[in-house]
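**Q** Numbers 869 to 1037, taken from the numbering used here, label the letters of the sequence shown in order.
Okay, handing you the structure first.
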Amino acid sequence: VLPFSPDDDDSMPNGTAAPGEAFPQEGGTLEGLTVSPDGSTLYFATASTLFDHDCDGGASTPPVLLMGGIYSYALTGNAAGTYTLIYQQVPGSGPQGILDDLEIDFETGHWYVMDITGASSSGGDEGIWRGSLAGGTPTFFATIGTPGGLVPGGFILDSGARALGCPVI
C-alpha cells in the first residue's frame, strides 16, 4: 500500500466513498510502472479515463475525459505520499491513446511509452513515444503498428546494446 496524496477515500457529491489509500481515479488507470535502479523512485504511466465526476452514471451529464500521464513517486522520505506529474497528455499533441508499458533509460533521463490505441501506424496513433524525465512534450520515436492493427504486448530497453552502437529499443 502506497500512501498516495490526495487519497481516494474522500466523499463524492452523492456521499459515496472508496475506502483506502490509492492513486486517485481521476488521475487515470495504472498502465505501466518501473522502479529506479537505486529503488528510491517509482515511475508510472496512467491511461486516460472517463470519469463520472458527479456520480450520476451518465444519466444527466456525460463522464469527463481525463487524459493520462507519466508520474514519479518517491519511495523513501515521502511520508505525505506525494507524487509528481512528469507529463500530462494533451488532446491534439503527443500520444493520444492509452499509455502502456513504461520503460525508462536512466542513463539518458528519457522515458519511453507505447500508445496502444488505434489501428494505423502513424504518429499520434500507435507507436512508441519518448520524453524527458525533466518534463516537456514527448516526441514520436518508433512505429509499432501493422496494417492488420496488431501491436506488441510490450518492449524493453537494452542499455547493453547501446554500448555496442545498436538501437536502444
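Cβ atoms here follow ideal geometry from the backbone N, Cα and C, with glycine treated the same way.
Given the structure is predicted, the values throughout are model-derived calculations rather than measurements.
What does a CB cutoff of less than 6 Å around residue 936 pick up in its chain, not counting 5 residues either side in sequence?
**A** For this step, residue 936 is matched to residue 68 along the sequence shown. These residues qualify, in order along the chain: 896, 914, 915, 916, 957 and 967.
**Q** Does the beta-carbon distance from residue 1006 to residue 962 come in below 8 Å?
**A** Your numbering for residue 1006 matches position 138 in the sequence shown. Your numbering for residue 962 matches position 94 in the sequence shown. Contact: yes.
**Q** Which residue comes first and which comes last in the beta strand (DSSP E) that contains residue 956?
**A** Your numbering for residue 956 matches position 88 in the sequence shown. First-last of the beta strand (DSSP E) with residue 956: 951-956.
**Q** Do you know offhand how far residue 816's Cα is from residue 995's?
**A** Any property of residue 816 remains undetermined from this structure, which presents the chain solely from 869 to 1037.
**Q** Below 8 Å on the Cβ atoms is my guess for residue 971 versus residue 1009; work out the distance and round it to an integer in Å.
**A** Here the question's residue 971 lines up with position 103 in the sequence shown. Here the question's residue 1009 lines up with position 141 in the sequence shown. Contact flag wrong, Cβ pair sits at about 11 Å.
**Q** According to the neighbour-count rule (16 or more other Cβ atoms, all chains shown, within 10 Å of its Cβ), is residue 944 buried or exposed?
**A** Position 76 of the sequence shown, counted from the start, is the residue given in the question as residue 944. Looking at its Cβ environment, which holds fewer than 16 other Cβ atoms inside 10 Å, residue 944 is exposed.
**Q** Under a three-way DSSP split, which group does residue 895 fall into?
**A** The sequence position of residue 895 within the sequence shown is 27, counting from 1. It is helical.
**Q** Does residue 909 pass the burial test, meaning 16 or more other C-beta atoms within 10 Å, or should it be called exposed?
**A** Reading the sequence shown from its first residue, position 41 is the one you call residue 909. Classification for residue 909: buried.
**Q** Hey, how far is the Cα of residue 987 from the Cα of residue 960?
**A** Residue numbering aside, residue 987 sits at position 119 when the sequence shown is read from its first letter. Residue numbering aside, residue 960 sits at position 92 when the sequence shown is read from its first letter. Bear in mind that a pLDDT of 45 at residue 987, under 50, signals an unreliable position, so the number given afterwards is only what the model happens to contain. About 17 Å.
**Q** Hey, out of 1004, 933 and 1025, whose CA is closest to residue 939's CA?
**A** Taking the sequence shown and counting its residues from 1, one reaches residue 939 at position 71. Nearest option by C-alpha distance: 1004.
**Q** Which of helix, strand or coil does DSSP assign to residue 900?
**A** Stepping through the sequence shown from its first residue, residue 900 is reached at position 32. Three-state result, residue 900: strand.
**Q** Figure out for me which residue from 927, 1011, 919 and 1001 has the closest Cα to the Cα of residue 952.
**A** As a first step, residue 952 must be located in the sequence shown, where it is residue number 84. Comparing Cα positions, the closest option is 1001.
**Q** Can you tell me where the beta strand (DSSP E) with residue 914 in it begins and where it stops?
**A** What you label residue 914 is simply residue 46 of the sequence shown in a count that begins at 1. 909-915 is the extent of the beta strand (DSSP E) around residue 914.
**Q** Where does residue 1007 fall in DSSP's three states?
**A** As a working note, residue 1007 is residue 139 in the sequence shown. Three-state DSSP puts residue 1007 in a strand.
**Q** Just curious, the beta strand (DSSP E) that residue 999 is in, first and last residue?
**A** If you number the sequence shown from 1, residue 999 lands on position 131. Element bounds for residue 999: 995-1000.
**Q** Secondary structure at residue 968, three-state DSSP: helix, strand or coil?
**A** Indexing the sequence shown from 1 puts residue 968 at position 100. Reduced to three states, the DSSP call for residue 968 is strand.
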